[in-house]
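Participant: Each residue of the sequence shown is one higher than the last, beginning at 106 in the working numbering. A virtual CB, placed ideally from N, CA and C, is assigned to each residue, including glycine.
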Amino acid sequence: MKGNQNYVPISCLFFDRLQDWATKKEIVALTFFNKDLKIVAKSSRIIDLFTKNSEEFIVLESGENFRLDQLISVNGFRVDSCEIAPRK
Numbered sequence: 106m107k108g109n110q111n112y113v114p115i116s117c118l119f120f121d122r123l124q125d126w127a128t129k130k131e132i133v134a135l136t137f138f139n140k141d142l143k144i145v146a147k148s149s150r151i152i153d154l155f156t157k158n159s160e161e162f163i164v165l166e167s168g169e170n171f172r173l174d175q176l177i178s179v180n181g182f183r184v185d186s187c188e189i190a191p192r193k
């Protein structure tokens with residue numbers, strides 16, 4: 106992920122998995138790009154997932170939040186982007 110790129114949705118299946126971890130209040134191992142585009146690894150509970158201006162966000166227990174397309178992996182599972190076929 107570079108700069109302030111357009112949002113790229115994550116796969117619906119991975120979003121569902123994030124919701125499951127959040128609902129169960131499990132501590133998960135996350136790897137993601139921070140606002141300085143440095144890779145960060147931390148463990149946290151997922152407090153919330155929300156959408157704003159057609160972009161999806163995650164909120165961690167610390168209050169930190171970021172776009173879901175900044176996620177690299179959660180609990181060792183790599184985050185896939187959602188491939189949307191162009192309309193004809």
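Taking D153 as part of the alpha helix (DSSP H), name the residues at either end of that continuous run.
Facilitator: Unbroken run through D153 is the beta strand (DSSP E), I144 to K157; no alpha helix (DSSP H).
Participant: S149 to Q110, Cα distance in whole Å?
Facilitator: 26 Å
Participant: By the DSSP assignment, the beta strand (DSSP E) with L165 in it spans what residues?
Facilitator: E160 to L165
Participant: How would you write the range of the alpha helix (DSSP H) that L118 sits in, first residue to last?
Facilitator: C117 to K129
Participant: Tell me N170's beta-bridge partners as DSSP assigns them.
Facilitator: V164
Participant: Exposed or buried, what is R172 when buried is set at 16 or more other beta-carbons lying within 10 Å of its beta-carbon?
Facilitator: So R172 counts as buried.
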